[in-house]
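Working notes, beginning with the structure itself.
Chains as they are written, first to last, in the UniProt record's numbering: chain A, 1 to 295; chain B, 1 to 332.
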């Protein structure tokens, strides 16, 4: 095919389709090799983990490759029940779910007011919000532990939800601030003229208009909170474990012991749901990354 | 305070010139502002701002975290941690991570992003490579995986006898690596850990850079082409300068990751610190000092040192970007 292309039309080619020159082909070839290599480096560990999650420990010891001699689906039931991964999964869904709804609501509320209303102290509040984003979280963890203890909610769902919500606020406000700022003002004005109060204007007009921005932030908040490790390990040591924390303590308990199949199953259970959701929604997510960077 | 009539205070039909007129303060508006700012900021101040402020204060005390009493001890916590060999070792390891991880991650993800976006034909429209969507999606996988799962997974991959890595090496005939403990040998433990972190972030920054590169006007590339610039020159003189702010952002975030690295090290090394403490990081020391030794004062001082290091690094990145001509883009 390449030969044909090259011989037919050096000049005066009717179709304005660009042709690939020799160097183009070489570059494209090298590019593909590099990209395929990286893709393999990314995918191979995941496939290997997935495959190993169906093996017995003796299969794993026998060879790191190869299909399982017997498919041990029971690895999953042991991971789910004996290792309590199911319970941790449920805790994560609850904590992350509630925190996500709260942070999106509260974040949108304060971002909206900060972005669209002029009042004394506005700038100060906005900068205070941003400041929380610049300090590393671990600095706050030790005093936070104490604060939660003093309030009397250390080790409860409420403590986790309050902490997750608060720490995700800064990013949410920062992102939505510019989003609300760029929404056209006329519609809100029209609503005001029609007699809608501030509350109605926000919930029935501005919030729905901000949906694309909200979706992007929600995706990133979800990933950030679902994958959060430092917060639960420090302030939730005695509380109902979330998935990342539970997976860690399970791996720790195992040490060098026996049940590798179940460990791989536990990792797979942790990895797979989010990965599948990502693959389904990857188009929207890629869009979010570009939105997030364009400011 | 409240005016009885809104809007039409100035007689005449002049419809609002300013987009945001001064409105009367109604109950609707007051309650709206109070709730919309009050609730989020109360939460934020209690759970985020006040712990940060308290951390600074506690770092000057001998607080144990358990007794309600504590005394101010001046700078002695700071003196103490800078005489603590273990903490200094951890600091050194974090600096090592800081030097290697952001640089390698950014170079790698930038190279992949450039290849994906402008690797296509050198004639006609500036085009990406065929199948670039596939590579982008696959490369992004690790970002969706919790860091703790990444760490545990790689801990198994590096396993001396049953791990994927040594299995592969044996399969290609490198029998010297039979049973080689990647994470158990102080010469390789740090490198192996760095690779895990890099593996986890390359895809995300690749996608970020791709988004940045797509925002570059195509005319710039076409002009460069007409001037006879090759691919490498185009990448160096157009692509990288145009997305330097994205690169700056990436550098700052990866620096924060490298100065933390807690989750990766915790997952990869069940015995904290790894062989000869070659992978011990400050956050681990902080964690043990606070929650196992009960020295909250000392631990918060460590936290402050980490915060200062992080802010200092971010400042340095901004400074370098500014000094090398960021913002006012000089295009060739």
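Using N, Cα and C, we set each Cβ at its ideal position, and we do this for glycine too.
Taking C-alpha positions only, residue 81 (chain B) is separated from residue 300 (chain B) by approximately 11 Å. In terms of CA proximity to residue 47 (chain B), A:170 leads the group A:270, A:170, A:252, A:201. For residue 58 (chain A), the enclosing alpha helix (DSSP H) has its first and last residue at 57-62. The beta carbon of residue 313 (chain B) lies closer than 6 Å to those of 255 in the same chain, with the five residues before and after it left out. In the displayed model, residue 61 (chain B) falls within a strand according to three-state DSSP.
In terms of Cβ geometry, residue 152 (chain B) and residue 267 (chain B) form a close pair [threshold 8 Å]. Contact between residue 98 (chain B) and residue 258 (chain B) holds, with the beta-carbon distance rounding to 4 Å and staying under 8 Å. Among the CB atoms of chain B, none fall inside 8 Å of the CB of residue 158 (chain A). Fewer than three Cβ pairs drawn from the segment 187-201 of chain B and the segment 73-90 of chain A lie within less than 8 Å of each other, which leaves the two stretches out of contact.
Relative to the Cα of residue 227 (chain A), the nearest Cα in the group A:168, A:62, A:82 belongs to A:168.
Assignment of residue 72 (chain B) by DSSP, reduced to helix, strand and coil, places it in the strand class. Straight across, the Cα-Cα distance linking residue 196 (chain B) with residue 243 (chain B) is about 26 Å. Here the segment 273-292 of chain B makes contact with the segment 80-95 of chain B; the two share three or more CB pairs at distances below 8 Å. Look at residue 108 (chain B) here: in three-state DSSP terms it is helix. DSSP, reduced to helix, strand and coil, places residue 177 (chain A) within a helical segment of the structure shown. Residue burial is scored here from C-beta neighbours: residue 273 (chain B) has at least 16 other C-beta atoms within 10 angstroms and is therefore classed as buried. Under a 10 Å Cβ-count criterion, residue 82 (chain A) is classified as exposed, with fewer than 16 other Cβ atoms of the shown protein chains found around its own Cβ. Assigned with DSSP and collapsed to three states, residue 293 (chain B) falls in coil, not helix or strand. Neighbours of residue 88 (chain A) in chain B, taken as residues whose beta carbon is under 8 Å from its own, are absent, since the nearest beta carbon is some 12 Å off. Following the DSSP letters along the chain, one finds residue 110 (chain A) inside the alpha helix (DSSP H) bounded by residues 85-116. Using beta-carbon distances, residue 165 (chain A) counts as an interface residue toward chain B, with a partner under 8 Å. With contacts defined as CB atoms closer than 8 Å, residue 37 (chain B) and residue 162 (chain A) fail to qualify as a contacting pair. Taken through DSSP and simplified to helix, strand or coil, residue 144 (chain B) comes out as helix. DSSP, read as helix, strand or coil, puts residue 158 (chain B) in coil. Judged by their CB atoms, residue 289 (chain B) and residue 298 (chain B) are nearer to each other than the 8 Å cut-off.
Rounded to the nearest angstrom, the gap between the Cα atoms of residue 202 (chain B) and residue 134 (chain B) is 15 Å.
Taking CB atoms only, residue 227 (chain A) has a neighbour in chain B less than 8 Å away. Separation of residue 188 (chain A) and residue 160 (chain A) (C-alpha to C-alpha, rounded to the nearest whole angstrom) is 36 Å. Those residues of the segment 139-157 of chain A placed with their C-beta closer than 9 Å to a C-beta in chain B are 139, 140, 141, 142, 143, 144, 145, 146, 147, 148, 151, ordered along the chain. Distances from the alpha-carbon of residue 56 (chain A) to those of A:36, A:97, A:262 put A:262 closest. DSSP places residue 260 (chain A) in the helix class (H, G or I) of the three-state scheme.
Taking 8 Å as the cut-off, the Cβ atoms of residue 61 (chain A) and residue 73 (chain A) do not count as close.
Taking residue 73 (chain B) as reference, the option from B:83, B:65, B:150, B:58 with the minimal CA-CA separation is B:58. DSSP places residue 255 (chain B) inside the alpha helix (DSSP H), whose first and last residues are 244-260. For residue 50 (chain B), at least one C-beta of chain A is nearer than 8 Å to its own C-beta.
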